[in-house]
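Numbering (full-length UniProt numbering), first residue to last: 1 to 516.
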């Protein structure tokens, strides 16, 4: 029950109720501007390397201690420590002195300075456009945790059974694997909550719609297929918001050699073939048939809710058109030589495209994959489901990340960071998570420029990313499919629920239940 160790939605939702509070708030309703939260103000030095935070006074932990700058310093020291076992070290690696501290060469984190109880200075190694957005922004309760061995902290009683947070509700009981019970924290810094207690339950996601309709739960995230049957239910309110994620069809262009990506797979190197494939994918149909219309077709690897999303009028639209796809194949030398209904490559060799796909969501995974294969086959492409099966989530990504030799196409998705749109971690030529293995010098230069000191000007940065999105849209190492919507079902008797791009639990102190 601490942000430094959370691993997924099962952790993040209760954490938002229990330990809500960051240096800043990312307001998706205000063009993703950073707004004061636990830090009432911040100021950059003249050289843009040091930021000084002024903290809110009177913010209380559940154990009665007041939040101070030392709680943030402690968080950075834990996350940057060589014994830290969590996945968040990257959020402090840009701070001056990280390498020496993380290597155990010094006990002091040079770039972190507590000026006084309510003033914190952080100095970065270099000027980057997203230093603030990438900085770890959650404090840790130093008085509660400083005696705990960092190597064991993630599993310690102080976090697992007896956690201390800053949120509107404090933990009263934990039933592992089943539920967490919370009671109101009257000294919550944004005001005492309206409700006396809240219970977070772990349920079977496949039953989400039924549980909501039966009144077994009051707030729950829904799949598109679950939301439709509830839309006419007077006891349920459906809230949606464009998600910070996107789905895509990846083209496997090469492999990771242990240090960098190498584009060494010949089958899909021809950009014209990739364009022809794009025109054979009915993306509008995918959104309508398998997402019940919840979502938007996109032409850039970015959520269309964010300020960085490009001007669509400057991008190739890749409309679904079988005849266009067939003509592009013919123009590029792909012809049906043997009369079997499928084209061969320009050298007359058999062309088979293997599609790798996950087995989730369970109700649509198989028909969605078959829908895509069908339209590719109609265009004359011999597209098949890899090994004739869908893959479990972890196995799928093991195969994709390991560049399984049988993968040609794969259906993937990325969730995106809330605060910053930097795509370099997924698309640099030397990045492991660049699963298509696309290598492009111009792309790397633009991604670097998007983080430069000049890019501190958002307008300039947006221009750089516009150019990068146009490049990706033309070279097409992947075909963006859709920007989905997050869907929440809420009991109509429950009010005060604010849905944002992270969850529906962000203002839990404002929740209330109307008398029937």
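All residues carry an ideal CB built from backbone N, CA and C; glycine is no exception.
Note that the structure is predicted; figures quoted are calculated from it, not measured.
- If you look at residue 179, you'll find it isn't in any alpha helix (DSSP H); it sits in the beta strand (DSSP E) that goes 179-184.
- Within a 10 Å sphere around the beta-carbon of residue 325 sit 16 or more other beta-carbons, which makes this residue buried.
- Excluding its 5 nearest sequence neighbours in each direction, residue 263 has C-beta neighbours in its own chain below 8 angstroms: 253, 254, 269, 437, 438 and 439, listed in chain order.
- In the structure shown, the three-state DSSP call for residue 296 is strand.
- Between the C-alpha atoms of residue 496 and residue 99 there is a straight-line separation of about 45 angstroms.
- Residue 411 counts as buried, since at least 16 other C-beta atoms from the protein chains shown sit within 10 angstroms of its C-beta.
- Residue 395 is classed as exposed because its beta carbon has fewer than 16 other beta carbons within 10 Å across all chains shown.
- The beta carbon of residue 31 is closer than 7 angstroms to those of 307 in its chain, skipping five residues each way along the sequence.
- If you compare the alpha carbons of 112, 88, 155 and 472 with that of residue 417, the shortest gap goes to 88.
- Residue pairing by DSSP places residue 245 opposite 415 in a beta bridge.
- Pairwise C-beta distances place the segment 186-203 in contact with the segment 40-60, as three or more of them are shorter than 8 angstroms.
- According to the DSSP assignment, residue 116 belongs to the beta strand (DSSP E) that extends over 112-116.
- Taken through DSSP and simplified to helix, strand or coil, residue 49 comes out as coil.
- Excluding five sequence positions before and after residue 468, the CB atoms of its chain that fall closer than 6 angstroms to its own CB belong to 446, given in chain order.
- Burial check for residue 168: the Cβ neighbour count within 10 Å reaches 16 or more, so the residue is buried.
- Taking 8 angstroms as the cut-off, the Cβ atoms of residue 281 and residue 375 count as close.
- Counting C-beta atoms within 10 angstroms of its own C-beta, residue 68 has 16 or more neighbours from the protein chains shown and is therefore classed as buried.
- Distance from the CA of residue 124 to the CA of residue 131, rounded to the nearest whole angstrom, comes to 8 angstroms.
- Judged by their CB atoms, residue 17 and residue 221 are not nearer to each other than the 8 angstroms cut-off.
- Per DSSP, residue 387 lies in no beta strand (DSSP E) and is assigned neither H nor E.
- Of the candidates 317, 380, 140 and 1, the residue whose Cα lies closest to the Cα of residue 65 is 140.
- Taking the Cα positions, residue 138 is about 14 angstroms away from residue 40.
- Cβ atoms of residue 5 and residue 86 come within 8 angstroms of each other, at about 5 angstroms.
- Residue 148 and residue 1 do not touch by the CB rule: their CB atoms are close to 13 angstroms apart, not below 8 angstroms.
- Look at the segment 344-401 and you find these whole runs of beta strand (DSSP E), each 3 residues long or longer: 352-356 and 382-385.
- Per the Cβ contact rule, the segment 290-300 is in contact with the segment 476-490 (3 or more Cβ pairs under 8 angstroms).
- In this structure, residue 121 places its C-beta atom within 8 angstroms of the C-beta atom of residue 113.
- Judged by their CB atoms, residue 453 and residue 127 are nearer to each other than the 8 angstroms cut-off.
- The beta carbon of residue 366 sits closer than 7 angstroms to the beta carbons of 390 from its chain, once the five residues preceding and following it are set aside; these are given in chain order.
- In the structure shown, residue 84 adopts coil according to DSSP, grouped into three states.
- Secondary structure of residue 488 (DSSP, three-state): strand.
- Residue 97 has no beta-bridge partner at all, per DSSP.
- From the listed residues 193, 211 and 181, the smallest Cα separation to residue 199 is found for 181.
- The Cβ atoms of residue 230 and residue 209 sit closer than 8 angstroms to each other.
- Distance from the Cα of residue 118 is smallest, within the candidate group 129, 78 and 38, for 38.
- Judged by DSSP secondary structure, residue 221 falls within the beta strand (DSSP E) whose first and last residues are 219-222.
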